[in-house]
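Protein chains in written order, with the working numbering: chain A, 767 to 789; chain B, 856 to 1204.
Here a beta-carbon is modelled for each residue, glycine too, at the ideal position from N, C-alpha and C.
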Amino acid sequence: CSQADLGPISINWFEELSSEAPP
Amino acid sequence: HSIEQTELADVPACDSLNPGNLQLVSKLKNHSGSCSVDVSAVWWEIAGVKEPCIVTACEYAVSLWKLLDTGQWEKRYSWHFAEVPVLQIVPVPDVCNLVCVALGNLEIREIRALLCSSDGGCEKQVLLRTGNIHAVLGLTQRRLVSSSRTLCDQQVEVMTFAEGGSEEKQFLMPPEETVLTFAEVQGTQEALLGTTIMNNIVIWNLKTGQLLKKMHIGDSYQASVCHKAYSEMGLLFVVLSHPCAKEKEPSGSPVFQLIAINPKTALSVGVMLYCLPQGQAGRFLEGDVKDNFAAAVLTSGTIAIWDLLLGHCTALLPPISDQNWSFVKWSGTDSHLLAGQKDGNIFVY
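Here it is, written out as structure tokens:
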């Protein structure tokens, strides 16, 4: 699957989502 | 936004497959008389030695079996249940001398831990959780996650089995929708994934209990069961089975599907459909995924096995002795496949 289908990808998605989500 | 691109691997014809790829190692017959419902493998310390044992579940009894030098299976312990029948065994990785079971009628009403007294002399059972339990899964690091629902809210609870038999509890932030299945995310420690009744995938941080993201995966298949999830190169890959998939599509009968999700954008794309070989009918009844292999009992009574990397079915195991297969599990202690029939026959491949 191409990256264009899925939008920008981040290797550190788990850490980034954890810092954005409410505690 | 949903599953659009799905590749189909070359589907081999039925004739090129046979159970010869599976080697029968041993057979176990449970003479309890009631209907056999599940099988699992567990490490158990017997006479000071940790051994891989088999656990079988009938409606009102769970038994632990040890392999003898003669190649025969000996029943070592049995736990009995008087009122509520057993629905499934819940294996907990990294745990020795303990097996969990879910009991209930149509839905899970209780989760119990089955163990033995410290001298190994008698069987014990501990009630871990009661309620309207929708999903339960044993996790690495001696943990068990379950979700239960009351009229107004949902509780998602992680229980950790400490050495010495005590349990610690932690709660995860519940989504609004009922959680149907859980899966640990390989490659991302402390990430837990759930599928919901509204066809969403949710992700939690197991350490903080945060609900990180809710992602819609499309309405093509309802009530998907998540069997495996892994994170690679910033994407989340999820293996789903589809109990409601159409029995016949032009490409064959899809049983499992691999989808890729970008957790940052919640966009998803279908990567691979795992279909039955040409000439085979049936759809998913129940199954199990371990490493790169998926096994499923089909409505036809046959077991089919897929190599998830090759993308196609590699073995078919037709009903034996005119008895349909009713459940199949990969052993958590070795590379065996455990296949069971309702009458109590367990075949180890």
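Local conformation of residue i per DSSP, three classes
| i | result |
| --- | --- |
| Trp-920 (chain B) | strand |
| Leu-994 (chain B) | strand |
| Asp-893 (chain B) | strand |
| Trp-1180 (chain B) | coil |
| Ser-776 (chain A) | coil |
| Leu-1095 (chain B) | strand |
| Asn-885 (chain B) | coil |
| Ser-1086 (chain B) | strand |
| Leu-783 (chain A) | helix |
| Gln-860 (chain B) | Per-residue confidence for Gln-860 (chain B) stands at a pLDDT of 45, beneath the threshold of 50, marking its modelled position as unreliable; no derived number is given. |
| Pro-789 (chain A) | coil |
Beta carbon of residue i nearer than 8 Å to that of residue j
| i | j | result |
| --- | --- | --- |
| Ser-881 (chain B) | Trp-928 (chain B) | yes |
| Ser-1079 (chain B) | Leu-1067 (chain B) | no |
| Leu-953 (chain B) | Arg-967 (chain B) | no |
| Phe-1111 (chain B) | Trp-1161 (chain B) | yes |
| Ser-1108 (chain B) | Ala-1136 (chain B) | yes |
| Val-947 (chain B) | Phe-1016 (chain B) | yes |
Residues bridged to residue i (per DSSP)
| i | result |
| --- | --- |
| Ala-1151 (chain B) | B:Gly-1142, B:Ala-1159 |
| Glu-1045 (chain B) | Its beta-bridge partners do not exist; DSSP assigns none. |
| Arg-1004 (chain B) | B:Gln-1009 |
| His-1207 (chain B) | No information on residue 1207 (chain B) is available, as it lies outside the stretch 856 to 1204 that chain B covers here. |
| Ile-1056 (chain B) | B:Thr-1050, B:Met-1070 |
| Val-956 (chain B) | B:Ile-944, B:Arg-967 |
| Cys-908 (chain B) | B:Val-897 |
| Thr-985 (chain B) | B:Glu-965 |
| Tyr-1129 (chain B) | B:Phe-1111 |
| Cys-1081 (chain B) | B:Leu-1095 |
| Val-1203 (chain B) | B:Ser-881, B:Leu-1193 |
| Asn-1117 (chain B) | B:Leu-1122 |
| Val-1034 (chain B) | B:Thr-1051 |
| Met-1014 (chain B) | B:Leu-999, B:Lys-1024 |
| Leu-1171 (chain B) | B:Ala-1159 |
| Lys-1062 (chain B) | Answer by DSSP bridge pairing: none, since Lys-1062 (chain B) is not bridged. |
| Val-950 (chain B) | Val-950 (chain B) pairs with nothing; no bridge assigned. |
Own chain residues within Cβ distance below 8 Å of residue i, not counting five before or after
| i | result |
| --- | --- |
| Gly-773 (chain A) | none |
| Val-1040 (chain B) | Ala-1046, Leu-1047, Leu-1048, Ile-1058, Ala-1084, Tyr-1085, Ser-1086, Leu-1091 |
| Ser-889 (chain B) | Cys-913, Glu-914, Tyr-915, Ala-916 |
| Ser-784 (chain A) | none |
| Phe-1026 (chain B) | Gln-1010, Val-1011, Glu-1012, Val-1013, Gly-1064 |
| Lys-884 (chain B) | Gly-1199, Asn-1200, Ile-1201 |
| Met-1028 (chain B) | Val-1011, Trp-1059, Gly-1064, Gln-1065, Leu-1066 |
| Ser-857 (chain B) | Its pLDDT being 37, under 50, Ser-857 (chain B) is placed unreliably in this model, and the coordinates cannot settle the point. |
Alpha carbon of residue i to alpha carbon of residue j, nearest angstrom
| i | j | result |
| --- | --- | --- |
| Phe-1202 (chain B) | Trp-934 (chain B) | 22 Å |
| Glu-1032 (chain B) | Leu-999 (chain B) | 20 Å |
| Leu-1163 (chain B) | Leu-1128 (chain B) | 10 Å |
| Val-1126 (chain B) | Val-1093 (chain B) | 10 Å |
| Gln-1009 (chain B) | Arg-964 (chain B) | 15 Å |
| His-1097 (chain B) | Val-892 (chain B) | 21 Å |
| His-1191 (chain B) | Ala-957 (chain B) | 23 Å |
| Leu-969 (chain B) | Asp-1146 (chain B) | 27 Å |
| Arg-1138 (chain B) | Lys-1024 (chain B) | 38 Å |
| Thr-1169 (chain B) | Pro-1132 (chain B) | 9 Å |
| Trp-920 (chain B) | Val-904 (chain B) | 15 Å |
| His-1071 (chain B) | Gln-1196 (chain B) | 36 Å |
| Cys-908 (chain B) | Lys-1184 (chain B) | 14 Å |
| Asn-778 (chain A) | Leu-1140 (chain B) | 36 Å |
| Val-941 (chain B) | Cys-977 (chain B) | 20 Å |
| Leu-922 (chain B) | Ala-902 (chain B) | 14 Å |
| Ile-944 (chain B) | Asp-1074 (chain B) | 30 Å |
| Val-939 (chain B) | Thr-1050 (chain B) | 27 Å |
| Ile-1052 (chain B) | Val-991 (chain B) | 15 Å |
| Cys-1130 (chain B) | Asp-771 (chain A) | 24 Å |
| His-1167 (chain B) | Gly-1142 (chain B) | 16 Å |
Same chain, Cβ closer than 7 Å to residue i, neighbours up to 5 away in sequence not counted
| i | result |
| --- | --- |
| Glu-782 (chain A) | Ser-776 |
| Lys-1069 (chain B) | Pro-1030, Asn-1055, Val-1057 |
| Gly-926 (chain B) | Ser-881 |
| Glu-900 (chain B) | Cys-951, Asn-952 |
| Tyr-1204 (chain B) | Leu-877, Gln-878, Leu-879, Val-880, His-1191, Leu-1192, Ala-1194 |
| Val-1144 (chain B) | His-1082, Lys-1083, Val-1094 |
| Glu-786 (chain A) | none |
| Gly-986 (chain B) | Ser-1003 |
Own chain partners of residue i with C-beta closer than 6 Å, once the 5 adjacent residues on each side are dropped
| i | result |
| --- | --- |
| Pro-1174 (chain B) | Gly-1156 |
| Ile-988 (chain B) | Ile-963, Ser-1001, Ser-1003 |
| Ser-918 (chain B) | Thr-911, Lys-930, Ser-933 |
| Leu-1061 (chain B) | Glu-1045, Leu-1047 |
| Thr-1154 (chain B) | Gly-1137, Arg-1138, Leu-1140 |
| Val-897 (chain B) | Cys-908, Val-910, Val-954 |
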